[in-house]
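Trainee: Sharing a structure below in structure tokens format, with a few things to ask.
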């Protein structure tokens, strides 16, 4: 009012007036300055004004909250800080300190704080769960929380770290990969690369179970590709886990669909030795079946097999207890030269599958034969034999067939030689007949040509001379053909050396005008 003479400010709980101010002008407002905010500054305040008629009624109370007095709580989101557009999430504010109440505040203008009583868990943890939703990409959803005690409701803790909820849509998901491979040793530098051909302006990286997302601006290329590199250095055991990334445009609060998950494994967390062996051997032919055996004396729940430089994630199998060792068999059916490489295996426990043992010694597998794509890892050995075993069986059958062929050929040649010896013995018998034996009638005598009657007489004389020749006269015959059952066949014998006793000194005279016929000598062989 215009007649106001003085303003007064009282703090609830104090027995005295906190401050007084005279208006600079009639009806003007008064300002009370708190130069140093402290624990005692927190509370409820009311103001009054004084007129010639007296003091006015108190104003509505103003609550002044002082933060940063106690340690900050933690704020996380369930199930993930990235939720599909229109979905709901739960924010969890908690602390080891026994705060009686927790307050959730959303950043932005005209955001009303929400207060919930805390709940104590069996682990001694105090927390409050705030449902939030539906989440839409219409604005940014960033939250903080505080804790306080019932006896000092205006004295709050330090504020928690900010938590941003991302609303994801259905836009094309980016890809997430690591150039070093999924298995990393402590102390190394790990770079996770999130990229897309959708020309996103920014990217976010999220590790499952974490409350925070790492955000990074995207780098555009001339080909329309965009990517962001997230570097973790130095790597520790706490970096092991499952990662996903998202992409977004600057003009939109909506993020893309999540990338495929990428598991990051931290090696060297257990110092028990793990061994790796291969059957049938480190050098095999293409098409063979190979089994890699990973084993250890320690009770590992799972064994992992990695191939150096491979793009696919490690193979993981549950261990089995055999021969006083824990082991796992990794079968590979019908291997090709694409399986050639350096392999290692690790052991892990089910309590934290992202922490691995020290690696086994490297095993070099060499596959000879044509190259090919690596087939998906099989779950067990196949019953179909490999190409190598088929070739071995084929070679064995071929060798047996060749040996059988040689045996048959040997029997045929042996039988032919026996037949020739039999025929030769028969011929010797025919030419060495005893004296007085009857001469066999020659076959096909009519088929022999006779040049003339005189030649016929001469032939008869010579034939008789041959028949009467004794063995000492030196008659040798050279057979030109074997015996034949056809009556039309003619068998000849050539006289190699002949000494004949002729009874007629001169051949019969030839007819006039005809040239004397040349003498012909024939020998008839009797074939039995």
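In UniProt numbering, the protein residues as written are 1 to 528. Every residue, glycine too, gets a C-beta built ideally from N, C-alpha and C. Note that the structure is a prediction, hence the values are computed from the model and not measured.
Report the CB separation of residue 201 from residue 224 in whole angstroms; it is logged as a contact under 8 Å.
Mentor: Mapped onto the chain shown, residue 201 falls at position 201. Mapped onto the chain shown, residue 224 falls at position 224. Actually they do not touch by this definition, with Cβ atoms about 13 Å apart.
Trainee: So which of 408, 309, 65, 87 has the shortest CA-CA distance to residue 180?
Mentor: In the chain shown, counting from the first residue as 1, residue 180 sits at position 180. Closest by alpha carbon: 309.
Trainee: Quick check on the DSSP output: the beta strand (DSSP E) that includes residue 207 runs from which residue to which?
Mentor: In the chain shown, residue 207 corresponds to position 207, counting from 1. Start and end: 202-207.
Trainee: Under 9 Å between the Cβ atoms of residue 65 and residue 155?
Mentor: Here residue 65 is taken as the residue at index 65 of the chain shown, counted from 1. Here residue 155 is taken as the residue at index 155 of the chain shown, counted from 1. Yes, these two residues count as a Cβ contact at 9 Å.
Trainee: Out of 233, 111, 97, 46, point me to the one whose CA is closest to residue 125's CA.
Mentor: Here residue 125 is taken as the residue at index 125 of the chain shown, counted from 1. Considering only alpha carbons, the answer is 97.
Trainee: Looking at residue 23 and residue 45, is the spacing between their C-beta atoms short of 9 Å?
Mentor: By 1-based counting over the chain shown, the position of residue 45 is 45. By 1-based counting over the chain shown, the position of residue 23 is 23. No, they are not a contact pair.
Trainee: Taking DSSP as the reference, what is the three-state secondary structure of residue 239?
Mentor: Here residue 239 is taken as the residue at index 239 of the chain shown, counted from 1. DSSP places residue 239 in helix when its eight states are reduced to three.
Trainee: Once the 5 residues before and after residue 32 are set aside, which same chain residues still bring their CB inside 7 Å of it?
Mentor: Within the chain shown, residue 32 is the residue found at index 32, counting from 1. Cβ within range, chain order: 9, 19, 21.
Trainee: With DSSP run on the structure shown, which of helix, strand or coil describes residue 336?
Mentor: In the chain shown, counting from the first residue as 1, residue 336 sits at position 336. Note: residue 336 maps to coil in three-state DSSP.
Trainee: Report buried or exposed for residue 312, applying the criterion of at least 16 other Cβ atoms within 10 angstroms of its Cβ.
Mentor: Position 312 of the chain shown, counted from the first residue, corresponds to residue 312. Answer is exposed; the Cβ neighbour count stays below 16.
Trainee: Buried or exposed: residue 227, going by 16 or more other Cβ atoms within 10 Å of its Cβ?
Mentor: Reading the chain shown from its first residue, position 227 is the one you call residue 227. Residue 227 comes out buried.
Trainee: In chain order, which beta strand (DSSP E) runs of at least 3 residues are fully inside the segment 153-218?
Mentor: Segments of the beta strand (DSSP E) lying fully in the segment 153-218: 163-168, 175-178, 190-196, 202-207, 213-217.
Trainee: Check whether the segment 187-204 touches the segment 107-114, counting contact only when three or more Cβ pairs, one atom from each stretch, lie closer than 8 Å.
Mentor: The segment 187-204 vs the segment 107-114: no contact.
Trainee: Output yes or no for whether 9 Å exceeds the beta carbon distance between residue 162 and residue 144.
Mentor: Within the chain shown, residue 162 is the residue found at index 162, counting from 1. Within the chain shown, residue 144 is the residue found at index 144, counting from 1. Yes, the Cβ-Cβ distance between residue 162 and residue 144 is below 9 Å.
Trainee: What does DSSP give as the partner residues of residue 131 in its beta bridges?
Mentor: For the purposes of this step, residue 131 is taken as the residue at position 131 of the chain shown. In DSSP, residue 131 forms a bridge with 90.
Trainee: Just to confirm my understanding: we take residue 538, look at its own chain, exclude 5 residues before and 5 after, and list those with CB closer than 6 Å. What are they?
Mentor: Nothing can be reported for residue 538, as the shown portion of the chain is limited to 1 through 528.
Trainee: Which first and last residues belong to the beta strand (DSSP E) in which residue 268 is found?
Mentor: Numbered from 1 along the chain shown, position 268 holds the residue referred to as residue 268. Run containing residue 268: 262-270, per the beta strand (DSSP E) assignment.
Trainee: Using DSSP's beta-bridge definition, name the partner residues of residue 39.
Mentor: Walking along the chain shown from the start, residue 39 turns up at place 39. For residue 39, which the question treats as bridged, DSSP gives no partner whatsoever.
Trainee: In chain order, what residues of the same chain lie with their CB nearer than 6 Å to the CB of residue 207, ignoring the 5 residues before and after it?
Mentor: Here residue 207 refers to the residue found at position 207 of the chain shown. Excluding sequence neighbours, residue 207 sits near 241, 243.
Trainee: Whole angstroms are fine: how far does the CA of residue 164 sit from the CA of residue 360?
Mentor: Position 360 of the chain shown holds residue 360. Position 164 of the chain shown holds residue 164. One C-alpha to the other measures close to 42 Å.
Trainee: Taking a contact to mean a Cβ-Cβ separation below 9 Å, would you say residue 147 touches residue 175 in this structure?
Mentor: Start at 1 with the first residue of the chain shown, and residue 147 comes out as number 147. Start at 1 with the first residue of the chain shown, and residue 175 comes out as number 175. Going by C-beta atoms, residue 147 is not nearer than 9 Å to residue 175.
Trainee: Does DSSP put residue 395 in a helix, in a strand, or in coil?
Mentor: Locating residue 395 in the chain shown gives position 395, counting from the first residue. Three-state DSSP puts residue 395 in a helix.
Trainee: For residue 304, collect the residues of the same chain with a Cβ closer than 6 Å to its Cβ; drop the 5 residues on either side in sequence, then sort them by chain order.
Mentor: The sequence position of residue 304 within the chain shown is 304, counting from 1. Counting only Cβ-Cβ distances below 6 Å, and skipping sequence neighbours, we find 314, 316, 346.
Trainee: Under 8 Å, with one C-beta from each stretch per pair, do the segment 288-298 and the segment 336-345 reach the 3-pair mark?
Mentor: The segment 288-298, when compared against the segment 336-345, does touch it at the 8 Å Cβ threshold.
Trainee: What residue ranges within the segment 275-328 form continuous beta strand (DSSP E) runs of no fewer than 3 residues, ordered along the chain?
Mentor: For the segment 275-328, whole beta strand (DSSP E) runs of length 3 or above, ordered along the chain, are 275-279, 283-285, 290-296, 302-307, 315-318, 320-322.
Trainee: Just the Cα atoms here: how many angstroms apart are residue 416 and residue 409?
Mentor: Reading the chain shown from its first residue, position 416 is the one you call residue 416. Reading the chain shown from its first residue, position 409 is the one you call residue 409. Taking the straight line from one Cα to the other gives about 11 Å.
Trainee: With the cut-off set at 9 Å, would you say residue 282 and residue 365 are in Cβ contact?
Mentor: Position 282 of the chain shown, counted from the start, is the residue given in the question as residue 282. Position 365 of the chain shown, counted from the start, is the residue given in the question as residue 365. It is a contact, given that the beta carbons lie within the stated cut-off.
Trainee: What first and last residue would you give for the beta strand (DSSP E) that runs through residue 84?
Mentor: For the purposes of this step, residue 84 is taken as the residue at position 84 of the chain shown. Segment 82-84, the beta strand (DSSP E) holding residue 84.
Trainee: In three-state DSSP terms, what is residue 400?
Mentor: Taking the chain shown and counting its residues from 1, the one referred to as residue 400 is at position 400. Residue 400: helix per DSSP, three-state reduction.
Trainee: Would DSSP call residue 412 helix, strand or coil?
Mentor: Counted from its first residue, the chain shown places residue 412 at position 412. Helix, per DSSP.
Trainee: Which residues in the same chain have their Cβ closer than 6 Å to the Cβ of residue 328, if we skip the five residues on either side of it in sequence?
Mentor: Walking along the chain shown from the start, residue 328 turns up at place 328. Within the same chain, residue 328 has close Cβ partners 294, 303, 317, 319.
Trainee: In this structure, how does DSSP classify residue 405 when only helix, strand and coil are distinguished?
Mentor: Here residue 405 refers to the residue found at position 405 of the chain shown. In the structure shown, residue 405 sits in a helix (DSSP, three-state: H, G or I).
Trainee: Put residue 114 into one of helix, strand or coil per three-state DSSP.
Mentor: As a first step, residue 114 is located in the chain shown; it is residue number 114 there, counting from the start. Note: residue 114 maps to strand in three-state DSSP.
Trainee: Whole-angstrom Cβ separation of residue 153 and residue 187, contact assumed at under 8 Å?
Mentor: As a working mapping, residue 153 is identified with position 153 in the chain shown. As a working mapping, residue 187 is identified with position 187 in the chain shown. Residue 153 to residue 187, Cβ: 48 Å. No contact.
Trainee: Kindly indicate the opening and closing residues of the beta strand (DSSP E) around residue 353.
Mentor: In the chain shown, counting from the first residue as 1, residue 353 sits at position 353. 352-357 is the span of the beta strand (DSSP E), which, as asked, contains residue 353.
Trainee: Report yes if the CB atom of residue 336 is closer than 9 Å to the CB atom of residue 367, and no otherwise.
Mentor: Start at 1 with the first residue of the chain shown, and residue 336 comes out as number 336. Start at 1 with the first residue of the chain shown, and residue 367 comes out as number 367. Yes; because the gap between Cβ atoms is below 9 Å, this pair is in contact.
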